[in-house]
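First residue of the sequence shown? That's 39 in our numbering, and the numbers climb one at a time after it. Beta carbons are placed, not taken as given, at the ideal position from N, Cα and C, and that holds for glycine. Scroll down for the structure; my scribbles are underneath it.
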Amino acid sequence: MRARDSDNGGSGVVRPRRRDVLGYALGLGLGAATLPALALSVARPGRAQDPQTAIGERFMRIGTGSPAGYYFPIGGMIANAISRPPGSRPCEKGGSCGVPGLIAVAQSTGGSVDNIRGLSAGTLDLALCQADIAYWARSGTAVFADTGPMPGLYALARLYDEKAHLVVRADSDLHTVEDLRGHRVALGEEGSGTLVDARLLLAAHGLDESDLEPVYDKPGPAADLLVAGEIDAFFFIGSAPVTVVSDLAEAIPIRLLTLDGETYARMSGDHPYLSASQIPGGLYDGVPTPVDTLSVGAVLVTTEALNDETAYGITRALWHPNNRGLLETIGAGNKLAAAMAPHGTGIPLHSGARRYYLEAGYLP
Ligand code: GLU
């Protein structure tokens, strides 16, 4: 088993395809260590603006998630789609079609909750976030009851659906959520939306963390632990197929536990942003039939600190036809659709984003 360093992109069962994707993401949008320096060097107040520049030169940080999930590569693609550094070739001549003057970078984080904290602290400007987490953050409820409401939190787009994966070895004697009692289970890393929903899932089945041996790890290291026999199950909420789960299924026989209608019925009352869905059969090696599960929207969020013009520009750039190919280089990118983007966000749309969807005919 390889070292459990999730920053290398995840588990010891990583295939070349995964490396290609991450390499691309890192090369394009994610030179987090170097890009800030570059960006700061161009963000000189009072400097004459590029004639194409609508907002002036500006640097923005996009909070994503673990490198082994989808937020990280999708965030890198979004960073590229919305950026147009000063001096870029014009969009209509095949250049960058982002917001003039904007340089965005995607940063690895713990996930949805961490991203909300980053937006609140002003260390992030945009972020990916589960719709349920965004709702609770804005209303100051559930996991955000202690921090209070965040009325300045707004959505730019709902991107795609994320599905709950509860993964065990195929020969495991675990078949239901209740069976997890007394077992070693990776629930998700601190700061992730995965961990929040894992706790809710346990509670809906009369369990809490003290009833099992919880592990708080990212999906990549969790998959390694399952291979090594050091945990019995792990939980992750992400766009299916989750690359780490695909890689794992190629390495060892796996099963996905069913989160059926009964689970949905128990959770949906307190959890309006969950829907009942399925992980299609054949998506993962050794999992030939569909598996009932729960899903939640992945949303691109920001705060009122983003002005109307820039929010409009970012939303328009995100859905610019010339950026379509870029977004589709990532699996989940194929699912992105402007027509569904203004709906199911969990929180209100930013006024600039709303203006874009109205003008583009995606809102009546
Ligand atoms: N939904 C997950 C979370 O907030 C992250 C999913 C991903 O990285 O693709 O914990």
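Query raised in the report: Bridge partners of residue 251, per DSSP?
Result: 222
Query raised in the report: Can you give the beta carbon distance from residue 385 to residue 173, rounded, assuming they're within the 8 angstroms contact cut?
Result: 6 angstroms
Report task. Figure out for me which residue from 316, 233, 308 and 298 has the closest Cα to the Cα of residue 277. Result -> 316
Requested in this report: May I ask you to check if the CB of residue 108 is nearer than 7 angstroms to at least one heavy atom of ligand 1?
Outcome: yes
Report task. Compare the Cα-Cα distances from residue 345 to each of 263, 192 and 240 and report the closest residue. Result -> 192
Report task. Select from 271, 110 and 120 the residue whose C-alpha is nearest the C-alpha of residue 252. Result -> 271
Query raised in the report: Between which two residues does the beta strand (DSSP E) harbouring residue 292 extend?
Result: 292-294
Report task. Could you tell me how far apart the beta carbons of residue 282 and residue 266 are, in whole angstroms, since I believe they sit closer than 8 angstroms? Result -> Not a contact, Cβ separation roughly 15 angstroms.
Query raised in the report: By DSSP, does residue 394 sit in helix, in strand, or in coil?
Result: helix
Query raised in the report: Measuring CB to CB, does residue 164 end up less than 8 angstroms from residue 340?
Result: yes
Query raised in the report: If you draw a straight line from the C-alpha of residue 111 to the C-alpha of residue 329, how long is it?
Result: 26 angstroms
Requested in this report: Rounded to whole angstroms, what's the CA-CA distance from residue 19 to residue 288? Just pull it up for me.
Outcome: Summary: the structure shown does not reach residue 19, with the chain confined to residues 39 through 402, and so no result is reported for it.
Query - Alpha carbon of residue 48 to alpha carbon of residue 150, nearest angstrom - result: Only weak support is given to the placement of residue 48: the predicted model assigns it a pLDDT of 38, under 50, and the question is left unresolved by the model.
Report task. Measure the Cβ-Cβ separation of residue 333 and residue 313 and say whether it is below 8 angstroms. Result -> yes
**Report entry** Environment of residue 189 [buried if 16+ CB atoms lie within 10 Å]
**Finding:** exposed
Query raised in the report: Name the DSSP beta bridge partners of residue 200, please?
Result: 334
Query raised in the report: Grouping DSSP H, G and I as helix and E and B as strand, with all else coil, what is residue 88?
Result: Low local confidence applies: a pLDDT of 41 at residue 88 is under 50, so the model's placement there is unreliable, with the coordinate-based value given in what follows. Coil, per DSSP.
Query raised in the report: For residue 83, which three-state DSSP category applies?
Result: Reliability fails at residue 83, whose pLDDT of 36 lies under 50, so the model's placement of it is uncertain and the value that follows must be treated cautiously. Residue 83 falls in the coil class under three-state DSSP.
Query - Beta bridge counterpart(s) of residue 205 as assigned by DSSP - result: 272 and 294
**Report entry** Alpha-carbon to alpha-carbon, residue 98 and residue 78
**Finding:** Note that residue 78 scores 35 on pLDDT, short of 50, meaning its location in the model is unreliable; the coordinates nonetheless yield the value given after this. If I take the Cα positions, the gap works out to 10 angstroms.
**Report entry** DSSP three-state assignment for residue 379, whether helix, strand or coil
**Finding:** coil
Query raised in the report: Hey, does residue 254 have any beta-carbon neighbour from chain B nearer than 8 angstroms?
Result: Going by chain labels, chain B is absent from the structure shown, which holds only one protein chain.
Query raised in the report: Relative to ligand 1, is the shortest distance from any of its heavy atoms to the C-beta of residue 145 smaller than 7 angstroms?
Result: no
Report task. Check whether the Cβ of residue 333 sits closer than 7 angstroms to any heavy atom of ligand 1, and report yes or no. Result -> no
Query raised in the report: Going by other Cβ atoms of all chains shown within 10 Å of its Cβ, with 16 needed for buried, is residue 134 buried or exposed?
Result: buried
Query raised in the report: Are the segment 113-125 and the segment 351-364 touching, with three or more C-beta to C-beta distances below 8 angstroms?
Result: yes
Query - Collapsed DSSP secondary structure at residue 181 in the structure displayed - result: helix
Query raised in the report: Since residue 101 is in the beta strand (DSSP E), which residue starts that stretch and which ends it?
Result: 96-101
**Report entry** Integer-rounded CB distance, given that residue 377 should sit under 8 angstroms from residue 400
**Finding:** 5 angstroms
Query raised in the report: Going straight from the alpha carbon of residue 290 to that of residue 212, what length do you get?
Result: 16 angstroms
Report task. Note down the Cα distance separating residue 185 from residue 179, rounded to an integer number of angstroms. Result -> 9 angstroms
**Report entry** Any alpha helix (DSSP H) of 4 or more consecutive residues that is wholly inside the segment 113-140
**Finding:** none
Query - Spatial distance of residue 352 from residue 221 (CA atoms) - result: 45 angstroms
Report task. Assign residue 278 to one of three DSSP states: helix, strand, or coil. Result -> coil
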